[in-house]
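Taken in sequence, the protein lines are chains F and U. Everything in the first sequence is counted per this note's numbering, starting at 1 for the first residue and increasing by one. Everything in the second sequence is counted per this note's numbering, starting at 1001 for the first residue and increasing by one. Even for Gly, the Cβ is constructed at its ideal location relative to N, Cα and C. None of these values were measured; they are calculated from a predicted model. Notes for the one structure printed next.
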Amino acid sequence: ETGVTQSPTHLIKTRGQQVTLRCSSQSGHNTVSWYQQALGQGPQFIFQYYREEENGRGNFPPRFSGLQFPNYSSELNVNALELDDSALYLCASSRGIASGANVLTFGAGSRLTVL
Amino acid sequence: ELKVEQNPLFLSMQEGKNYTIYCNYSTTSDRLYWYRQDPGKSLESLFVLLSNGAVKQEGRLMASLDTKARLSTLHITAAVHDLSATYFCAPQGGNQFYFGTGTSLTVIP
């Protein structure tokens, strides 16, 4: 089975620009979550998508938005980039929000640098 | 909001020694996950703990969960160099996993 794939792996933007990050979920997974990991920190929850709808959001401003597509892939969009947005953005997929273990399978991440 | 505290943050240990990493969290959670992250890499799932008293073991690692004390431990037995990595605990609250700041483990030959 294929794992979670993310693109691009690295990118550099300047303040005020916009960025789109992409994620393909693992086969058989229908839920996608996005996390931001700043250097030396643990991942912080941005939001989750299930059945193409946002299904929970962390403490991130509205300029962080997302989409999920019918094939369960997902995009993370960040508008009006700020220096503090520099981080590793991790996409994680899982089988769903039903009861039972909900192990997240993470992709390798997209490293965003904002100058 | 669920707060997670891991200690120690940094751990340097000799091969063959035992040690325990502690994960305390602030509010009730019945599910807790442990992940490993190698430098520059993504997170790899190690353990899923789904109930009070749960204990899971894989090789030299053993994880436990005490939901009443809001405490999970990751015990390392007879450490080897390959275990050098950063370890995160993540209790689940709703749809969200709350990650600690991680414990950076270095095993010295």
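- Around the CB of phenylalanine 45 (chain F), 16 or more other CB atoms lie within 10 Å, so the residue is classed as buried.
- For the stretch 38 to 58 of chain F, the beta-carbon criterion of a distance under 7 Å to any beta-carbon of chain U is satisfied by Gln41, Gly42, Pro43, Phe45, Gln48, Asn55, Gly56 and Gly58.
- When the alpha-carbon of glycine 1094 (chain U) is set against those of U:Thr1027, U:Glu1015 and U:Thr1020, the nearest one is in U:Thr1027.
- A direct Cα-to-Cα measurement between serine 74 (chain F) and leucine 67 (chain F) gives close to 5 Å.
- Phenylalanine 106 (chain F) has a beta carbon lying within less than 8 Å of a beta carbon in chain U.
- The Cβ atoms of phenylalanine 106 (chain F) and valine 19 (chain F) lie no closer than 8 Å to each other.
- With a cutoff of 8 Å on beta-carbon distance, tyrosine 1019 (chain U) and isoleucine 1076 (chain U) are scored as near each other.
- Excluding its 5 nearest sequence neighbours in each direction, tyrosine 35 (chain F) has C-beta neighbours in its own chain below 7 Å: Pro43, Gln44, Phe45, Ile46, Leu90 and Ala92, listed in chain order.
- Interface criterion met: the Cβ of asparagine 102 (chain F) is under 8 Å from a Cβ in chain U.
- Linking leucine 104 (chain F) to serine 1045 (chain U) through their CA atoms gives a straight-line distance of about 8 Å.
- Its chain contains Val78, Leu112 and Val114 as the residues whose beta carbon lies nearer than 7 Å to that of aspartate 85 (chain F), once the 5 sequence neighbours on both sides are disregarded; these appear in chain order.
- Between threonine 1103 (chain U) and leucine 1002 (chain U), the CB-CB gap reaches or exceeds 8 Å.
- Under a criterion of Cβ atoms nearer than 9 Å, the residues of chain U adjacent to leucine 90 (chain F) are, in order, Ser1042 and Leu1043.
- In this structure, serine 1084 (chain U) places its C-beta atom within 8 Å of the C-beta atom of leucine 1105 (chain U).
- In the DSSP assignment, arginine 1036 (chain U) falls within the beta strand (DSSP E) that extends over 1032 to 1037.
- Under the 10 Å beta carbon count, histidine 1081 (chain U) is surrounded by fewer than 16 other beta carbons and is classified as exposed.
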